[in-house]
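*Asks:* Pasting a structure here, questions to come.
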Amino acid sequence: MLRATLKSLLARKLRLLLSGLAVVLGVMFVSGAFVLTDTLGRSFDAVFADAYAEVDVSVEAKPKIDVSTAEGMPLSTPMPASVLDRVKAVPGVADAAGVVAAEGARMIGSNGKVVTSFGPPQLGQNWLGESDLLELREGRGPQADDEIVINAALAEAGKVKVGDRVGVLTLAPKKEFTLVGVFGYSGGRDSIGGANEVYFTTPVAQQLMLGKPDVFSNISVQAADGTTPAALRDELARTLGADYQVKTGEQLAADASAGLKEGLSFFNKILLGFAAVALLVGTFLILNTFSIIVAQRTRELALMRAIGASGKQVIGSVVLEALAVGLIASVLGLAAGIGVGALLAYLFGQLAGGLTLAGLGVPASAVFGAFAVGMLITVVAALLPALRASRIPPIAAMQDVATPDRPLTKVTIGGAVVTGIGAVLLFLGLGGHAGDSTLATILGGVLFAFIGVALLTPIISRPVVSLLGAMFSWSVPGKLGRLNSGRNPRRTAITAAALMVGIALVTGVTVILDSAKGSIGALAEDTIKAELVISGSTSGPRPASFDPAVLEKAAAIPGVQMVDGEYGDMAVVGGQRTWVAVSSNVAALQQIFGAKAAAGDISKLAPDQMLVSSDTAKARNLSVGSTVPVQLSRGDARTYTVSGIYESSQLTNPVTLPPQAAADFAIPQPIQGFLQLAPGTSVDAVQPQIERLLADSPEVSVADRAGFIEQQTGQLDSLLQMIQILLALAIVIAVLGIINTLALSVLERTRELGLLRAIGLRRAQTMRMITVEAVVISIFGALLGVVVGTGLGAAVVEALKDEGITDLILPWGQMVTFLILAAIIGVVAAVLPAIRAARINVLGAIAHD
Amino acid sequence: MTATVGQEQAAARANDVWKVYGSGEAQVAALRGVSAEFERGRFTAIMGPSGSGKSTLMHCLAGLDTVTKGTVMIGDTTVTGLNDAGLTKLRRDKVGFIFQQFNLLPTLTAQENILLPLSIAGRKPDPAWYDVVIDTVGLRDRLGHRPAQLSGGQQQRVACARALVARPEVIFADEPTGNLDSRSGAEVLKFLRNSVREHGQTIVMVTHDPTAAAYADRVVFLADGQIVSELIEPTAETVLDTMKKLDAPVEVGN
Ligand SMILES: Nc1ncnc2c1ncn2[C@@H]1O[C@H](COP(=O)(O)OP(=O)(O)OP(=O)(O)O)[C@@H](O)[C@H]1O
Ligand SMILES: [Mg+2]
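Rendered as structure tokens:
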């Protein structure tokens, strides 16, 4: 039995490989994700172990606000310089140095633009001289207050050289320095982990990076001979007390690496998401291929049964075949995944400014994941056909039993039930009734909806396919093609369903993002009463900011009626982490953002007063007059009194603090600026003047309202494009499915095609017949996809109504494009099978048994 | 009527078997109360006009199809009412088939095809018997060939060897020579007769051809779903005579 199975498998290897390709791709993404994470993870470990190699123990003040990597860089609390002396006095300390190191030193390159980073930090530090790790390549260390040195990678990215005057943005607005040196790291490295680093003299670093003289962000300690770092850490922690965090160099390296790895996991999830899509589509293809194979082998399987094979053995033989296909697909997918992982790791390393990659790692999880996913999916998909195979009666070996047209009732009922479950899950998930498992519930709902619709497809296919086919019925080949596509509704349905998944996902995402874009645009259009907006696009984790002095200067320009600068930060408000904002001009809340007072006065704020949104007030049980302690990123906790409550809207922040509070924000500079012009003032006249004011704030630019809206929604556009490109993959897999189905049915109909040719159907007509069949199937799939996708998209949009997506925008143009694309896909997919059909040897086909 | 021969226990036995296809208007009674015994170590042919129920009778005897009424036994096993597992075991241990269209697996060699029933059942062939079978079918030099590389007659001999190698209680053959020319057909029939004479195999064969039926020890005639006649030690002439009488409108008894 085993041998018979394997031999028949070999006889159909090409066909099975084609359907296995989807599994190969899915496995590739899965193992690629693991390989990438492992390789980069170990690279980060190595980099940071090296970077902290010279630090035995480091002392840091506890940060005031815990900030996760997703929200930005954690801001360590500056500690007074006197701590250094206390540390030095601790026994076991050989040497200690006060270090200033903080995120946010942005150097302006020779092209006048800030050298950006896609993730690695932009550190501003105090120069403590060369070390085993850090070596000057050129020039010397900074001695005067206007001198800096930078790392070689930054020098190259900004195209600056020793002797140049360079601008640097810090907590303070742009300042000019002379570049007196460029350094690198041991081993000829230009950066560590892609970080951009600017070194100042210690007093300058303290002022610009920490905002105060005589403070350090941490103290780096060298242990005396005979004292272990761990022992010294414990000793220091005891001496300094609970306000300080003391860590060994090893711990610091592990923490730094863990932070970056956390960022990687997001990337990982995207890859796994695409693996899921590829595998879902792949499941349909494999199901179809095995169904067709089982149908073709009816006689063979019946024979097996007649000569003594049990039903279980037949199931076993089909499942074994699936296992073999899954195994081969997994091996190929794993190999491809290792390649993709290596490539992505390389690209990532390049993007991160030449991260030195540790050796390529293939973790056990990649191998295990590849085989588990590949084989499981294939076997699960083959289970249904296997069951069907086991029900073939042995008597089928004796007679040409035409497989009776099984009624579609069961499938249809099953489909309706599964679709129903999907709808319920979607309702629960989108309606916010699923609590913690919201995402899982929504994904489950989408999955069920797809499977359910796929099960319903056979019954839908009859009327729709005959309607679609009617378009081609004017010629005999067209008519034959149409009849063929309606001949086996299940097969047509599954093939179309595979295409449906891809198209539905693209359509759904497009509906959601278009609606979001439209809603944001409409909201900004209707509500923001500002003619000019200052903002920057953010590429790294840190939002762009600008010099607050611009706000005052802009207010002085004739024709400018109101100016507001918006600041934001994460803070602890009444014990809870909360996003807080500052409007430099509190009156703008009402006049520019259309806020409405729910209680108290929201038009002004005293230094110890705060405004809250009605949602926040309700959630925290606050009313006018309540007092709330607020801890900002810098400074000590302060108590504010609620002086007003505004109604929550899309444009309001949970908490608004008085302008004075912005100085204690992690970024004490405005992130956006809104300018309202006096009636009758020309925007074109004011805009160039603002541009001039922003000359020293190269991270941001000024745009009129249309430009601003475009800028805001432009990010959604690029997101949409990215998703579409990746989902195109699902569509490519589905095309493979169509090719596969057609190729199989051509093979299956060899005799019939030979007969048609014998009675005079020309080659070209044969090809046309196959093409019509393909086009009908793919348009049907696309149609389903557009409908299902629009449904899913609309459901999500409906659910996001409260989040501000108020307008449902249907991308009609896109939908038509998909249908046209589907027709082209059909034609393309038909090429090979059609050629094959046309080449059928007439005599051979008729004699063929 | 009932066809019974000898007192010794039969290899296969049908007892008042009815087979009705369809229901209502479209009802067809393919078998109408057939009782027959096929004794061990004999070669029985079933003949009759097209549509008389020959194939149906064979399928019912072999447990490939269920009977509407009556019972079927193979050896001491009652086939009627067996579940799928029981039927599978029956096919493994007691029944062999030879088909009109040979039904070999195109991907397997002749040898692999021959051994397939044993390998499905997870059994080892008896080497001595295997040699005897291969020599009797005369295929030793063709064992490594695939069906496509064999002539029709050779393919059918492979199919015969496949049926024989498991030494079933009874082999059912439905028009085994239907697709062969007279010479290849004669070879296959001789071979079947030898396996009965020399090795005591029981064979039940459906055929249209009086010459083929003449190789059998006994011929049972079916007409309209009923056994109407029987011949022992038939010759082509006596078979032809009987068939002519059957075609005549008058019913003929024995
Ligand atoms: N699956 C079926 N459904 C309905 N009727 C059937 C079925 N199989 C056979 N019959 C009918 O039963 C009767 C006997 O058929 P059977 O195949 O046994 O005839 P036969 O003697 O083998 O004929 P032939 O010599 O042509 O092979 C015929 O009338 C046939 O139409
Ligand atoms: Mg017949």
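Here the protein sequences line up with chains P and A, keeping their order. FYI, my numbering numbers position 414 of the first sequence as 604, with every residue one higher than the one before it. FYI, my numbering numbers position 41 of the second sequence as 42, with every residue one higher than the one before it. Virtual Cβ for every residue (Gly too), placed ideally from N, Cα, C. Because the structure is a prediction, the values reported are computed rather than measured.
Anything in chain A within Cβ reach of K197(P), meaning under 7 angstroms, just list it in chain order.
*Replies:* Along the first sequence, one-based indexing puts residue 197(P) at 7. What K197(P) touches in chain A: T108, L109.
*Asks:* Using 10 angstroms around the beta-carbon of I567(P), count the other beta-carbons present and answer buried if the total reaches 16, otherwise exposed.
*Replies:* Taking the first residue of the first sequence as position 1, residue 567(P) is located at position 377. I567(P) should be labelled buried.
*Asks:* Return the first residue and the last residue of the beta strand (DSSP E) that S803(P) is part of.
*Replies:* Translated into the one-based positions of the first sequence, residue 803(P) becomes position 613. Run containing S803(P): 799-803, per the beta strand (DSSP E) assignment.
*Asks:* I need the straight-line Cα distance from F746(P) to N301(P), nearest angstrom please.
*Replies:* Walking along the first sequence from the start, residue 746(P) turns up at place 556. Walking along the first sequence from the start, residue 301(P) turns up at place 111. Reading off the sequence shown, one finds Ala at residue 746(P), where the question assumed Phe. Cα-Cα distance, rounded: 30 angstroms.
*Asks:* Taking only runs that begin and end inside the region 446-528 of chain P, name each unbroken beta strand (DSSP E) of 3 or more residues, in chain order.
*Replies:* Here no run is fully enclosed.
*Asks:* Output, in chain order, the set of chain P residues within a Cβ distance shorter than 9 angstroms of A214(A).
*Replies:* Translated into the one-based positions of the second sequence, residue 214(A) becomes position 213. Within chain P, no residue comes near A214(A); the closest Cβ sits about 20 angstroms away, beyond 9 angstroms.
*Asks:* For S705(P), name the three-state secondary structure that DSSP assigns.
*Replies:* Stepping through the first sequence from its first residue, residue 705(P) is reached at position 515. Here S705(P) sits in helix by DSSP.
*Asks:* So D66(A) contacts chain P; which residues on that side make the cut at Cβ distance below 7 angstroms?
*Replies:* The sequence position of residue 66(A) within the second sequence is 65, counting from 1. Per Cβ cutoff of 7 angstroms: I585.
*Asks:* Determine the contact status of G529(P) and F219(P), defining contact as a CB-CB distance below 9 angstroms.
*Replies:* Within the first sequence, numbered from 1, the residue matching residue 529(P) stands at position 339. Within the first sequence, numbered from 1, the residue matching residue 219(P) stands at position 29. Their beta carbons are not under 9 angstroms apart, which means G529(P) does not touch F219(P) by this criterion.
*Asks:* What residue range is occupied by the uninterrupted alpha helix (DSSP H) comprising V770(P)?
*Replies:* Taking the first sequence and counting its residues from 1, one reaches residue 770(P) at position 580. From DSSP, V770(P) is part of no alpha helix (DSSP H) but of the beta strand (DSSP E) over 766-773.
*Asks:* Tell me which same chain residues have a C-beta within less than 6 angstroms of the C-beta of A122(A), skipping the five on either side of it?
*Replies:* Residue mapping note: residue 122(A) aligns to position 121 of the second sequence, counting from 1. Taken in chain order, the residues that qualify are R93.
*Asks:* Flag this pair as touching only if the region 848-864 of chain P and the region 771-781 of chain P have three or more C-beta atom pairs under 8 angstroms; answer yes or no.
*Replies:* Verdict: yes, contact present.
*Asks:* Quick one, which of G498(P), G299(P), E938(P) has its alpha-carbon nearest L344(P)'s?
*Replies:* As a working mapping, residue 344(P) is identified with position 154 in the first sequence. Residue G299(P) is the option with its Cα nearest to L344(P).
*Asks:* Is P50(A) helix, strand or coil when you go by DSSP?
*Replies:* For the purposes of this step, residue 50(A) is identified with residue 49 of the second sequence, where counting begins at 1. Residue state, collapsed to three classes: coil.
*Asks:* Can you confirm whether L493(P), when its beta carbon is compared against all beta carbons of chain A, has any partner nearer than 9 angstroms?
*Replies:* Working through the first sequence from its first residue, we reach residue 493(P) at position 303. Yes, its Cβ sits closer than 9 angstroms to a Cβ of chain A.
*Asks:* Could you give the distance in angstroms between the alpha-carbon of P311(P) and the alpha-carbon of E293(P)?
*Replies:* As a working note, residue 311(P) is residue 121 in the first sequence. As a working note, residue 293(P) is residue 103 in the first sequence. Their Cα atoms are separated by approximately 6 angstroms.
*Asks:* Which residue comes first and which comes last in the beta strand (DSSP E) that contains K20(A)?
*Replies:* Locating residue 20(A) in the second sequence gives position 19, counting from the first residue. First-last of the beta strand (DSSP E) with K20(A): 11-22.
*Asks:* Report the three-state DSSP secondary structure of M399(P) (helix, strand or coil).
*Replies:* Walking along the first sequence from the start, residue 399(P) turns up at place 209. Reduced to three states, the DSSP call for M399(P) is helix.
*Asks:* Taking only beta-carbon atoms, is F117(A) less than 9 angstroms away from chain P?
*Replies:* Taking the first residue of the second sequence as 1, we reach residue 117(A) at position 116. Rather than Phe, the amino acid found at residue 117(A) in this sequence is Leu. So, interface residue.
*Asks:* With a cut-off of 8 angstroms on the beta carbons, I'd call V936(P) and L943(P) a contact; round off their distance for me.
*Replies:* Locating residue 936(P) in the first sequence gives position 746, counting from the first residue. Locating residue 943(P) in the first sequence gives position 753, counting from the first residue. The Cβ separation is near 7 angstroms, so the contact holds.
*Asks:* In chain P, which residues lie with their C-beta within 8 angstroms of the C-beta of H60(A)?
*Replies:* On the second sequence, residue 60(A) is found 59 positions in, with the first residue counted as 1. Those within 8 angstroms of H60(A) in chain P are I585, M588.
*Asks:* Report the CB separation of G559(P) from I999(P) in whole angstroms; it is logged as a contact under 8 angstroms.
*Replies:* Indexing the first sequence from 1 puts residue 559(P) at position 369. Indexing the first sequence from 1 puts residue 999(P) at position 809. Actually they are not in contact, since the Cβ atoms of G559(P) and I999(P) sit about 38 angstroms apart, beyond 8 angstroms.
*Asks:* So G671(P) and M959(P) are supposed to be a Cβ contact under 8 angstroms. How far apart are they, rounded?
*Replies:* What you label residue 671(P) is simply residue 481 of the first sequence in a count that begins at 1. What you label residue 959(P) is simply residue 769 of the first sequence in a count that begins at 1. The pair is a contact, with the Cβ atoms about 4 angstroms apart (cut-off 8 angstroms).
*Asks:* For G979(P), which option in M690(P), G605(P), A514(P), A342(P) has the closest C-alpha, if you only look at C-alpha atoms?
*Replies:* The residue you call residue 979(P) lines up with position 789 of the first sequence. The shortest Cα separation from G979(P) among M690(P), G605(P), A514(P), A342(P) belongs to M690(P).
*Asks:* List, in order along the chain, the chain A residues whose C-beta lies closer than 8 angstroms to that of R193(P)?
*Replies:* Numbered from its first residue, the first sequence carries residue 193(P) at position 3. Near R193(P) (Cβ distances below 8 angstroms), the residues of chain A are L109, E113, S120.
*Asks:* Could you list the residues in the region 452-483 of chain P with a C-beta less than 9 angstroms from some C-beta on chain A, going in chain order?
*Replies:* Result list empty, no residue passes.
*Asks:* Taking C-alpha atoms, which residue in Y536(P), P584(P), A519(P), R1029(P) lies nearest to F561(P)?
*Replies:* Here the question's residue 561(P) lines up with position 371 in the first sequence. Comparing Cα positions, the closest option is A519(P).
*Asks:* Got a sec: is the Cβ-Cβ distance from R578(P) to anything in chain A below 9 angstroms?
*Replies:* As a working note, residue 578(P) is residue 388 in the first sequence. Answer no: the Cβ-Cβ gap between R578(P) and chain A never drops below 9 angstroms.
*Asks:* Any idea what DSSP makes of K254(P), helix, strand or coil?
*Replies:* Residue numbering aside, residue 254(P) sits at position 64 when the first sequence is read from its first letter. Residue state, collapsed to three classes: coil.
*Asks:* What residues in its chain sit with their C-beta under 8 angstroms from that of A875(P), if we drop five residues either side in the sequence?
*Replies:* Numbered from 1 along the first sequence, position 685 holds the residue referred to as residue 875(P). Counting only Cβ-Cβ distances below 8 angstroms, and skipping sequence neighbours, we find G749.
*Asks:* On a CA-only basis, which of G431(P), G439(P), V225(P) is nearest E244(P)? Give me that one, please.
*Replies:* Indexing the first sequence from 1 puts residue 244(P) at position 54. Residue G439(P) is the option with its Cα nearest to E244(P).
*Asks:* Rounding to the nearest angstrom, what Cα-Cα distance links K669(P) and T956(P) in this structure?
*Replies:* On the first sequence, position 479 is the one that residue 669(P) refers to. On the first sequence, position 766 is the one that residue 956(P) refers to. One C-alpha to the other measures close to 11 angstroms.
*Asks:* Please name the residue in Q441(P), D235(P), M494(P) whose C-alpha comes closest to that of P118(A).
*Replies:* Counting from 1 along the second sequence, the entry for residue 118(A) is found at position 117. The candidate whose alpha carbon is nearest that of P118(A) is M494(P).
*Asks:* From the DSSP output, which residues share a beta bridge with Y242(P)?
*Replies:* Against the first sequence, residue 242(P) aligns to sequence position 52. According to DSSP, which records beta bridges pairwise, Y242(P) is partnered with nothing at all.
*Asks:* Using the Cβ count rule (16 or more neighbours within 10 Å means buried), how would you classify Q1040(P)?
*Replies:* Only positions 191 to 1039 of chain P appear in this structure, which leaves residue 1040(P) out of reach.
*Asks:* Please decide whether E511(P) counts as near chain A, where near means a Cβ-Cβ distance under 9 angstroms.
*Replies:* By one-based count along the first sequence, residue 511(P) stands at place 321. No, no contact with chain A.
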